[in-house]
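To keep things clear, I will list the structure first and then write my remarks on it.
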Amino acid sequence: MTTTDSSPQTPTPSLGEQSPPAPVRNPWLIVTIREIMVKLADKSFVISTIVTLAMIAASVVIGAVVGNRTSDYTVGTSQADAAVVAEASSEAITAAGDTLEVTEFDSEDALRAAVLDGDVDAGLVAGADGWALLGGSEVDSDLSAALTDAVSQSVLAANAEAAGTTLDELMAGSEVTTELLDPDADRGALAFIVGFIFAFLFYMAAIIFGMTIANSVLEEKQNRVVEILATAIPIRQLLYGKVLGNSLLAFAQILLYCVVGLTAVNLTGLAGDIGWILSASGWFIAFFVVGFTALAAVWAVLGSLASRSEDLQSNTGPIITVIMVALFVGLFAEGIWLEIASFVPVVSSVAMPIRMLAGDVPIWQGLVSLALTGAAAYGLLRLGERIYQRAVMQGGTALSWRQALKLQA
Amino acid sequence: MRQADARLEVRGLTRRFGEKVAVDDVSFTVEPGQMTGFVGANGAGKTSTMRMVMGVLVIHGGDVLWDGRPITAADRSRFGYMPEERGLYPKQGILDQLCYLGQLRGMSRGDAAKEATRLLERFGLADRVKDKLESLSLGNQQRVQITASLLHGPSALILDEPFSGLDPVAVDSMVELLRDRLRQGVPVLFSSHQLDLVDRLCDSLVVLSDGKVMAAGAADELRNAGPTRYRIVTTPDAGWLRDVPGVSVLDVDGPRAVLELADGAREPLLKRAAERGLAEFAPITRSLSEIYREVTR
Numbered sequence: 000m001t002t003t004d005s006s007p008q009t010p011t012p013s014l015g016e017q018s019p020p021a022p023v024r025n026p027w028l029i030v031t032i033r034e035i036m037v038k039l040a041d042k043s044f045v046i047s048t049i050v051t052l053a054m055i056a057a058s059v060v061i062g063a064v065v066g067n068r069t070s071d072y073t074v075g076t077s078q079a080d081a082a083v084v085a086e087a088s089s090e091a092i093t094a095a096g097d098t099l100e101v102t103e104f105d106s107e108d109a110l111r112a113a114v115l116d117g118d119v120d121a122g123l124v125a126g127a128d129g130w131a132l133l134g135g136s137e138v139d140s141d142l143s144a145a146l147t148d149a150v151s152q153s154v155l156a157a158n159a160e161a162a163g164t165t166l167d168e169l170m171a172g173s174e175v176t177t178e179l180l181d182p183d184a185d186r187g188a189l190a191f192i193v194g195f196i197f198a199f200l201f202y203m204a205a206i207i208f209g210m211t212i213a214n215s216v217l218e219e220k221q222n223r224v225v226e227i228l229a230t231a232i233p234i235r236q237l238l239y240g241k242v243l244g245n246s247l248l249a250f251a252q253i254l255l256y257c258v259v260g261l262t263a264v265n266l267t268g269l270a271g272d273i274g275w276i277l278s279a280s281g282w283f284i285a286f287f288v289v290g291f292t293a294l295a296a297v298w299a300v301l302g303s304l305a306s307r308s309e310d311l312q313s314n315t316g317p318i319i320t321v322i323m324v325a326l327f328v329g330l331f332a333e334g335i336w337l338e339i340a341s342f343v344p345v346v347s348s349v350a351m352p353i354r355m356l357a358g359d360v361p362i363w364q365g366l367v368s369l370a371l372t373g374a375a376a377y378g379l380l381r382l383g384e385r386i387y388q389r390a391v392m393q394g395g396t397a398l399s400w401r402q403a404l405k406l407q408a
Numbered sequence: 000m001r002q003a004d005a006r007l008e009v010r011g012l013t014r015r016f017g018e019k020v021a022v023d024d025v026s027f028t029v030e031p032g033q034m035t036g037f038v039g040a041n042g043a044g045k046t047s048t049m050r051m052v053m054g055v056l057v058i059h060g061g062d063v064l065w066d067g068r069p070i071t072a073a074d075r076s077r078f079g080y081m082p083e084e085r086g087l088y089p090k091q092g093i094l095d096q097l098c099y100l101g102q103l104r105g106m107s108r109g110d111a112a113k114e115a116t117r118l119l120e121r122f123g124l125a126d127r128v129k130d131k132l133e134s135l136s137l138g139n140q141q142r143v144q145i146t147a148s149l150l151h152g153p154s155a156l157i158l159d160e161p162f163s164g165l166d167p168v169a170v171d172s173m174v175e176l177l178r179d180r181l182r183q184g185v186p187v188l189f190s191s192h193q194l195d196l197v198d199r200l201c202d203s204l205v206v207l208s209d210g211k212v213m214a215a216g217a218a219d220e221l222r223n224a225g226p227t228r229y230r231i232v233t234t235p236d237a238g239w240l241r242d243v244p245g246v247s248v249l250d251v252d253g254p255r256a257v258l259e260l261a262d263g264a265r266e267p268l269l270k271r272a273a274e275r276g277l278a279e280f281a282p283i284t285r286s287l288s289e290i291y292r293e294v295t296r
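Next comes the structure, spelled out in structure tokens:
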């Protein structure tokens, strides 16, 4: 028989001479690492993560600047008693986090000129029949309130003395104290914002990483790589690796967002005490991991049922609906409905952390709900494994769940 | 250095798709160190048989034996397999995905990278290792696919149409790589429509038609099966041969004739031919494609 050893290359002794290696021990781990490396090498993923991080940090900082801006006021006087009154107002101004500097001028004309030039924010002048506050085009409302208050205090005190009594006696019994019957409700606005962020993060990550899983499964099915993979490792291991790899990525991303967000909140002093946000965030991350794992198996099955990427657009409808329900229940459900939702797997991933933000939830409820989601995740993974193994080897048209279950393994 | 010689045996393999029996009681053996060609028309059941051997299609009857015992998943993970429908990861770098496949088969990443680079060099793809698969021409993608099946030093090779789409140079480098494996005592089963290639390369042959084995065995045995035919050229005309006892003339065309000889008829024939003028006398070796056409007719 003719041979074709006509190539000039001489066979080199090499690894090719060795016997094939023993089967790999933890194939799922290799799959997991590949899923992560491929995603990290994906520029659009990296860029979108960085942009989101920047937006989170920026929104916190902007919120802090707008809500907590401090001002340094300067007030000018040309009279000794006006200076005393202006100094008296500084207590109220400092309490609000602002500062006050009092400058004395030689004459009222010099003072007026300084106010006009903007050298001082306002001027305080005592007249024969009352006091005057001088400003350029306007006087800052906080400064005006503090000075007006100081003037009236000083005048009232003088008048009281003239009437043979003291200011304290005149004011006795006029104090109003506020008693909060539900101090937690004070969190209201901030809790709603944090809850909204939780719900939205879950929604985004569940869909983005879910689609990644489905596409990754479909890519292997479509290109028939799965046929080669199936001869190398048990096909289950492929599913485990994909679910784990993408869950880890989603988890790491959420953790990163939370850490950056909370650090920014802490640094800017936006919320005085973030302990309650921190503990709710911890729960949120725990619920996120379990809830996402439950969904991940379903996404993988959806990928294995499709035969082209167009099929994914139609067959992912139901799971996206479930994720939307989780989002809206978390945002809008109240009372008993929210409590029920906080025990429904997947939906609870948003609902329970939001309950925890709003007030104290017994810790056992959190654990029970977490366990329920964990059980659901396990069940879905096992069911998903059965369908995935059958469907992913099946070429041709897109399959329904029912058809896939009927297929032979 | 040869690996322990193991043969791949297929016994009574059967597979149905609905009512249709796609593979019907198929039996054959792929001997260690031998190149076995698997031929048959489209839909004859070659791909289904190979997929059952590789365990990616459920077997409805019969067994696959490796080294004399039922094949296991661990055995298959050491095989090299090239599926009919090509495909690796289009958007991943070539070396990167070859390393991944090597790792899944138990190689270290370093070994996989070294071996993949060596094989890609032999296919002239050394400067493309970082490129994405989809950026390569189809022929080059095919070479990467072959590399994937050879990477881990497989204990057997199951290749579905490995030569389709390759230019003659690539076919030669591929054959050379396969011969390396054959020298290690690895059995190779490959299917092909290119009968001339099969004829040139195969040590043995399995012919499939409508899911049934029509012929199977060593290529030389198949070629020499049946009575030997001879071609004779004698001047000026071969018509006289019809009158020679023990000679049956199958075909005459002027001075040329095709004969079958009874025992003991050869010497008298040659003697008479020499007297009349003998230009040529030789046994006819049938090509495998002729055998293929005969058995599938």
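Quick note, the sequences are listed as chains V and C, same order. Heads up: the first sequence at position 213 corresponds to 212 in numbering that gives the first Met the number 0, and the numbers run straight through without jumps. Heads up: the second sequence at position 77 corresponds to 76 in numbering that gives the first Met the number 0, and the numbers run straight through without jumps. Note that the Cβ used here is the ideal one computed from N, Cα and C, for glycine as well.
For residue i, the first and last residue of its enclosing alpha helix (DSSP H)
i	result
Val300 (chain V)	274-304
Val57 (chain C)	Here Val57 (chain C) belongs to no alpha helix (DSSP H), and DSSP marks it neither H nor E.
Phe250 (chain V)	234-267
Ala218 (chain C)	218-223
Asp24 (chain C)	No alpha helix (DSSP H) holds Asp24 (chain C); the beta strand (DSSP E) holding it covers 19-29.
Arg121 (chain C)	108-121
Asp171 (chain C)	167-182
Gly383 (chain V)	362-390
Ser203 (chain C)	Counting along the chain, Ser203 (chain C) falls outside any alpha helix (DSSP H), though it belongs to the beta strand (DSSP E) covering 203-208.
Gly329 (chain V)	316-331
Ile290 (chain C)	287-295
Contact set between residue i and chain V, taken where Cβ atoms lie within less than 8 Å
i	result
Gln91 (chain C)	Val37
Pro82 (chain C)	Arg223, Glu226, Ile227
Phe78 (chain C)	Thr230
Proximity of residue i and residue j at Cβ, strictly below 8 Å
i	j	result
Ser208 (chain C)	Ala72 (chain C)	no
Gln96 (chain C)	Leu119 (chain C)	no
Leu238 (chain V)	Gly383 (chain V)	yes
Val52 (chain C)	Val20 (chain C)	no
Val205 (chain C)	Phe27 (chain C)	yes
Val45 (chain V)	Leu39 (chain V)	yes
Val193 (chain V)	Leu356 (chain V)	yes
Met213 (chain C)	Val294 (chain C)	yes
Ser191 (chain C)	Glu160 (chain C)	yes
Asn314 (chain V)	Leu301 (chain V)	yes
Ala332 (chain V)	Ala350 (chain V)	yes
Ala156 (chain V)	Leu123 (chain V)	no
Leu103 (chain C)	Leu228 (chain V)	yes
Arg304 (chain C)	His59 (chain C)	Shown here, chain C extends from 0 to 296; a query on residue 304 (chain C) therefore has no answer.
Proximal chain C residues relative to residue i, where beta-carbon distance stays under 8 Å
i	result
Arg33 (chain V)	Tyr99
Val216 (chain V)	Residues of chain C passing the Cβ test: none, with the nearest at roughly 13 Å.
Pro29 (chain V)	Here the sequence assigns Ile to residue 29 (chain V), which means Pro is not the residue at that position. Correct list: Tyr99, Gln102, Leu103.
Pro317 (chain V)	Under the 8 Å cutoff, chain C gives no residues; its nearest Cβ is about 28 Å from Pro317 (chain V).
Pro26 (chain V)	Leu103
Range covered by the beta strand (DSSP E) that runs through residue i
i	result
Val74 (chain V)	71-76
Arg298 (chain C)	What the structure shows of chain C is the stretch from 0 to 296, and residue 298 (chain C) is not part of that stretch, so it cannot be assessed.
Arg15 (chain C)	7-16
Arg228 (chain C)	228-233
Amino acids of chain C, ordered along the chain, whose beta-carbon sits closer than 9 Å to that of residue i
i	result
Met210 (chain V)	Within chain C, no residue comes near Met210 (chain V); the closest Cβ sits about 16 Å away, beyond 9 Å.
Met355 (chain V)	None at all; the shortest Cβ gap to chain C is about 41 Å.
Beta-carbon neighbours of residue i, restricted to chain V and to distances below 9 Å
i	result
Ala72 (chain C)	Pro22, Thr230, Ile232, Pro233
Under 7 Å from the C-beta of residue i: neighbouring residues of chain V
i	result
Leu87 (chain C)	Asn222, Val224
Arg75 (chain C)	Thr230
Under 7 Å from the C-beta of residue i: neighbouring residues of chain C
i	result
Met392 (chain V)	Val55
Residue i: CB within 7 Å of a non-hydrogen atom of the ligand ATP
i	result
Gly32 (chain C)	Looking at this structure, you won't find the ligand ATP or any other ligand, since it has none at all.
Is the segment 257-268 of chain V in contact with the segment 276-289 of chain V, if contact means three or more CB pairs nearer than 8 Å?
yes
Counting beta carbon pairs with one atom in the segment 105-124 of chain C and one in the segment 177-196 of chain C, are three or more of them shorter than 8 Å?
no
Below 7 Å between beta carbons is the criterion; list the residues of the segment 47-63 of chain C that meet it against any residue of chain V, in chain order.
Met53, Gly54, Val55, Val57
The segment 57-75 of chain C / the segment 226-242 of chain C touching (three or more Cβ pairs under 8 Å)
no
Below 8 Å, can you find three or more Cβ-Cβ pairs linking the segment 30-38 of chain C to the segment 385-404 of chain V?
no
Check whether the segment 166-174 of chain V and the segment 319-338 of chain V touch, using three or more Cβ-Cβ pairs below 8 Å as the test.
no
Check distances from the C-beta atoms of the segment 125-148 of chain C to those of chain V and list, in chain order, the residues that come in under 7 Å.
Flagged, chain order: Ala147.
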